[in-house]
Amino acid sequence: MSDRPTPARVAVYTGSFDPITLGHLDVIQRASRIFDRLVVGVGVNPDKHPLFTLDERARLVQASVAALPNVYVVPYDGLSVAFVRDQGAHVLLRGVRSLTDIDAEFTMTLANRKLDPHVETVFLMADAAYSHISSSLLKQITPLADDAALLRFVPPPVVAALREKVKPPA
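Residues in the sequence shown are numbered from 71 upward in steps of one, following our numbering.
Next up, the structure:
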C-alpha cells in the first residue's frame, strides 16, 4: 500500500441545459456518486437559440443540484475540452438518451480527442424514464400542462421559470 494520496476523481458534465431536465439531473446525481467532484459546465451552443440566458440557466442548474455537495456549477463559453482542462479535469461526462444522441456524441468525441487527447469522454445513459425529455418537448407542452405535469419533466425550480418564458396561447 502506498502512502501517496489518491488524486481526486474529477469530471465535467457540459451542456446547454436550456433548461435542466430530470434527465440531466438523473445523470448529475449518478455521476456525483462516481466522481469525487463533478463540475456542471453550463455552456453556449452557437447553433441553438436558448430560451434562457446563460446566467439564468446556471442559476436553474445550481438551484436543482443544491443538495449535492460535490457538484459545482460553472457557466462557460468556448470549447468543452478547454473548459475541462480549465477545471483541472481529464474526464468529460456526457449523457445520452437515444441512438440519435450516440451518433452525434460519437462525432463530437472524435473531434474532442483531436483537440485534446488527454481528455477522455465517459457516457452515462439516461434513465429510460427520462429518455424522451428534450427542451423542444418542454417548449411544446409548457403552455398546455399544469405544474404537476411539468414536474414529471423538470426539477421544481424550473417550473416557475418556464412559466415566465413560455406563455400560453392567447
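Quick reminder that beta carbons are idealized off the backbone N, C-alpha and C, glycines included.
Assignment of residue 130 by DSSP, reduced to helix, strand and coil, places it in the helix class. Ranked by how close their Cα comes to the Cα of residue 109, the residues 119, 140, 90 and 215 have 140 in first place. Judged by DSSP in its simplified three-state form, residue 179 adopts helix. One alpha carbon belongs to residue 216, the other to residue 143, and they sit about 29 Å apart.
The three-state secondary structure of residue 97, taken from DSSP, is helix. Residue pairing by DSSP places residue 194 opposite 165 in a beta bridge. Its Cα nearest to that of residue 149, the residue 186 stands out among 171, 123, 186 and 102.
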